[in-house]
Amino acid sequence: MMNWSTHLLTEFFTAVNAAEDEQTAISNAVERATEMVEAEVGAVVREGKVLGAYGFGPAVPEAGLLAVATGDCLLEVAGLGELHAAPNPLGGEQADALIVARLNEPFGPEERQMLQGMAQVLGLALRSIRVLAAERHLRAEKEQQATSAQTRQRLVESLLTIQRAISARRPLPEILDAVTSGACELLDGVKVALLLAEGGPDRRLSVASTSGGTDGEPQPEGAARAAMASGTVVIRPDATGTVIAAPVRVTGEMAGCLVAHLSGSVDQYTEQRDQMDAFAQQVSLALTDAKTVEAVREAHHDPVTGLPNRALFLKILNRVLSSRGTSADPTSVLFIDLDRFKAVNDSLGHEAGDQLLALVARRLRGCVRASDTTARLGGDEFAALLHDSPMEAATIVGERVVSAIKEPFRVAGREIFIGASVGIAISREDAEKSETLLHNADVAMYRAKKDGPGRVLVYEPYMHVEALDHLSLRGDLQRALREGEFRLQYQPLIRLGDGMPTGVEALIRWHSPTRGFVSPVDFIPIAEEFGLIVDIGQWVLETSALQVARWRREFPDLGLNVNVSGHQLMHPRFSDTVLRALAIAGLPSSAVTLELTESVLMSEPDLGKAALGTLRGLGVQLSIDDFGTGYSSLAYLRELPVDELKIDRAFIARAELTGEDLALVRTIVELAQILGLRTVAEGIENAAQLEALRRLGCGYGQGYHLCRPTDAEELPSRLLTQLVEYR
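According to our numbering, the residues represented by the sequence shown are 93 to 819, in order.
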């Protein structure tokens, strides 16, 4: 149907927008919509009344039409019987709808998509006609009337241009650019971006087209996801103005969002909201006409870098392996993973991250021969296929890649430094599978990354054993939780002014029957990777809360600090977990401080703030752990409902602190004082560090010089000793 409907849609646009009064526009719209989908009857329900009824004869079933407008799918018509009905909202606040109904079969997704687009256009036209009619009676608003008329005319012209491009089967990127540029022009040059959802579980939003604004403007992804979740236009304030996000669909499936960033307040943009919705409908029609969301993103190439994607890379590799003769030099595959890319992406935003990926792709192409193939596999992972390339030559290319990526990149007006780790796999068998070769290169890369950034390693069979051990660790962790192999130690937090212990931090320890002592540095990332951290974190919270509740009978003011993983924070039931632990232990919420690293909060700023707000509502204290090692801005920090900053041990790691060390710590302490936050210094190892931190005004501290982590049964005596020493 879409092969001919776009031509008729152009006529529909012209007929509706050419009408000078509401009744004419409604009559034209109903008649044309009914005929275009070969329906028997049609009507418009507006403000609780049936208007423009078509095909019913003298007896119009008003009650039935009003019921359809509110959700009924069937309509009883005298002389015809029961018809399949399709209500299509006109937009705005009320339950107004363009309704068509036919006898033989329900309406398909493409027909509904087209009808929704027509309804949006009709609603916009009716609202524009009503505004213009009212303005004719108000001499004081003649200038506004002229502006609205011009805007309406510009909108109609833009939409007609887009419709003609769809009808003429212009290239899809050209149509999408016409949408964003048309919306940008109508909104006086503000930034308008089209975000489309990629495949995969995380449904990352990538920029398909953008117009206007400046390169440094943040991409309001939160508003886009909210519009996609609700299926309606979202208009809400942000730090610098107002964001309007209109969802885009493809045959009913949410495919992305059209987003505009305006400088004024929310209440002045009602008309612009409707305009954005109309443009989003054009995107939906264009994508539906292209049949699938995958057609938007080229089937075999990554839209950010222009490189072949994973599917095409494996096809090329498979073809090369199957055609390689026995006398040819081996084929080599490089698996390249960027180091520190996530920090850049989190701090500067996805747009800057995409720019960086494009620059990385350009350098990778410069490191290989024209006959070789480079690809982006996804995220910050790349691959290179080197034809007829033995191990020595492949290693040289890998080192060349590491050197090239190490050089600074210019992104968003600043120099960015990242790195790369490279794994290499060499084809050893004539019938080797492409997936196996790429997997081996991935295993080698993982091993290289464990050895430190900037390494190049060639795959060896023992690495596969290590990878299997990595997987087996998951089973050991599950058993450890089930069999009670974890235990907790507690390290006091000391008030530096008088040496009094004010709380304890719970620290998890694991002594495996088969592996021996396993450091949290090694097993916590594995627990996060395999989704076990939520259950482990719940055990830590409940166990430590019960323990501290018992100690508070002797030390009434003792508090509890517990580290929280980003996976826990973002878990939808984490606040319930905290409440459960407090209830079981009988511990007041004010006695608990949850510690989150700065990088966790920066990974998903909007979600992080929302989650912290929920926890603050429970009455618990919140702390930013390892502060100073992340990338958060002062503006973002001020928005977080936190109570405490823990200064990372890296700032006081030297036995004797330098002037630079002291200046950095002083800056953090003064910042905390301005924001009304506590400061806790980690890693105090000697008396000189302790005295320096006291002079700088740091409130609290932890470290071996003050008290080592201690088993639960020994801690009360350590606390009593600490109290005696400082009384």
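Note that the Cβ used here is the ideal one computed from N, Cα and C, for glycine as well.
Computed from a predicted model, the values in this text were never measured in an experiment.
Contact check, residue i vs residue j, beta carbons under 7 Å
i	j	result
Pro422	Ser519	yes
Trp602	Val610	yes
Val284	Gly304	yes
Ala177	Leu167	yes
Ile258	Ala370	no
Leu195	Leu218	no
Val670	Leu710	yes
Ala300	Val351	no
Cys349	Val340	yes
Ala187	Ala170	no
Val425	Ala517	yes
Where residue i falls, given that 16 or more other Cβ within 10 Å makes a residue buried
i	result
Lys738	buried
Pro400	buried
Gln205	buried
Ala475	buried
Tyr582	buried
Ser355	exposed
Glu203	buried
Glu114	buried
Gln360	exposed
Ser809	exposed
Lys515	Sequence inspection shows Gly at residue 515; the Lys mentioned does not correspond to that position. Per the 10 Å Cβ criterion, buried.
Gln765	exposed
Leu585	buried
Asn95	Low local confidence applies: a pLDDT of 44 at Asn95 is under 50, so the model's placement there is unreliable, with the coordinate-based value given in what follows. So Asn95 counts as exposed.
Ala372	buried
Arg579	exposed
Arg138	buried
Thr380	buried
Ala619	buried
Rounded distance between the beta-carbons of residue j and residue i, thought under 8 Å
i	j	result
Gly795	Gly775	5 Å
Val213	Gly134	Incorrect: roughly 15 Å between the Cβ atoms, too far for contact.
Thr126	Tyr146	5 Å
Gly314	Met346	Contact doesn't hold; Cβ gap of about 16 Å is too wide.
Ala779	Glu748	Going by Cβ atoms, the distance from Ala779 to Glu748 rounds to 11 Å, so no, they are not a contact pair.
Ala677	Leu707	About 17 Å; that fails the 8 Å criterion.
Gly511	Pro545	5 Å
Leu456	Val493	6 Å
Ala773	Leu756	Going by Cβ atoms, the distance from Ala773 to Leu756 rounds to 12 Å, so no, they are not a contact pair.
Whole-angstrom distance between residue j and residue i, CA atom to CA atom
i	j	result
Ile118	Leu143	7 Å
Leu252	Thr466	41 Å
Val452	His353	29 Å
Asp718	Leu413	48 Å
Thr397	Ala462	17 Å
His659	Val632	15 Å
Phe427	Thr528	12 Å
Arg389	Gly183	Confidence at Arg389 is low in this model, with a pLDDT of 47, below 50, so the placement of that residue is unreliable and no value is reported for it.
Glu112	Asn120	12 Å
Val375	Arg402	27 Å
Asn109	Asp269	24 Å
Gly173	Leu101	29 Å
Gly209	Ala226	26 Å
Pro65	Leu469	The first residue shown for the chain is 93 and the last is 819, placing residue 65 beyond what the model contains.
Met320	Leu782	52 Å
Thr272	Phe105	19 Å
Glu197	Ala159	20 Å
Val548	Lys541	9 Å
Met592	Leu812	10 Å
Gly629	Thr802	20 Å
Leu569	Ala742	29 Å
Val358	Pro179	29 Å
Glu805	Leu406	58 Å
Asp366	Val248	13 Å
Ala745	Ile760	16 Å
His556	Asn532	8 Å
Leu729	Leu767	9 Å
Asp577	Met368	The amino acid at residue 577 is misidentified as Asp; the sequence shows Glu. If I take the Cα positions, the gap works out to 57 Å.
Ile716	Pro680	21 Å
- prompt: What runs of the beta strand (DSSP E), each 3 residues or longer, lie entirely inside the stretch 727-775?
  reply: Annotation: the stretch 727-775 contains the following complete segments of the beta strand (DSSP E) (minimum length 3 residues), in chain order: 736-739 and 770-773.
Length-filtered (4 minimum) alpha helix (DSSP H) runs lying within the stretch 549-620: Annotation: the stretch 549-620 contains the following complete segments of the alpha helix (DSSP H) (minimum length 4 residues), in chain order: 553-575.
task: Pick out the complete beta strand (DSSP E) segments inside the stretch 471-502, 3 residues or longer, and give them in chain order.
output: Complete beta strand (DSSP E) runs here, min 3: 473-478.
- request: Quick one: which unbroken beta strand (DSSP E) runs of 3-plus residues sit fully inside the stretch 323-403? Chain order, please.
  value: Qualifying beta strand (DSSP E) stretches, in chain order: 326-330, 333-342 and 345-354.
- prompt: Which runs of the beta strand (DSSP E) spanning at least 3 residues fall entirely within the stretch 624-701, listed in chain order?
  reply: For the beta strand (DSSP E) assignment, the uninterrupted runs of no fewer than 3 residues enclosed by the stretch 624-701 are, from N- to C-terminal side, 651-655 and 684-689.
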